[in-house]
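Residue numbers (full-length UniProt numbering): 1 to 133. Just so it is clear, CB atoms sit at the ideal spot from N, CA and C, and this is done for glycine as well. The structure displayed is predicted, hence computed values, not measured ones.
Written out as structure tokens, the structure is:
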């Protein structure tokens, strides 16, 4: 089976100069766990995960202990937190190849690219769903 058969085509993107507050809102209001980051030419330049946000934001946000310094972490820019060396895959690749790449690089998803254009995203959850079918 090929990646293109199971990949998620409905993907969410943000821009590298967006604030983490915007990303936080997306993660809070949707089921997305990874957001693809685009540069000013709309080209893939990074990825930011829900886990990245957990490391970047103050753990005191939204608690009684929150202070201005904690809220300031929401004003950081995506490019300050995102992973830059994005590993991608093509839709024609096998699911075994996708799984191997994710395990080798300890990553949770792979953007799917064709001819330099973003087509979708395949995640470890997509692979697991296919295994249990």
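N-terminal and C-terminal residue of the beta strand (DSSP E) that residue i is part of
i, result
"residue 47", "44–49"
"residue 73", "Residue 73 -> no beta strand (DSSP E), and no H or E assigned at all."
"residue 38", "34–38"
"residue 14", "13–15"
Residue i - containing alpha helix (DSSP H), residue span
i, result
"residue 66", "Element bounds for residue 66: n/a, residue is neither H nor E."
"residue 125", "124–132"
"residue 103", "95–105"
For residue j and residue i, believed in contact at Cβ under 8 Å, the rounded distance
i, j, result
"residue 20", "residue 81", "7 Å"
"residue 53", "residue 27", "6 Å"
Reference residue i, options the options, closest by Cα
i, options, result
"residue 24", "100, 55, 104 and 97", "55"
"residue 4", "132, 119 and 63", "119"
"residue 96", "44, 131, 73 and 42", "131"
"residue 32", "125, 64 and 2", "125"
"residue 110", "79, 103, 100 and 121", "121"
"residue 99", "72, 76, 129 and 74", "129"
CB contact flag (residue i, residue j, <8 Å)
i, j, result
"residue 46", "residue 84", "yes"
Handout entry: contact_flag[the stretch 49–69, the stretch 84–92] where n(CB pairs < 8 Å) is 3 or more
Key = no
Practice task
Would you check if the stretch 32–40 and the stretch 9–16 touch, i.e. whether three or more CB-CB distances between them fall below 8 Å?
Solution key: yes
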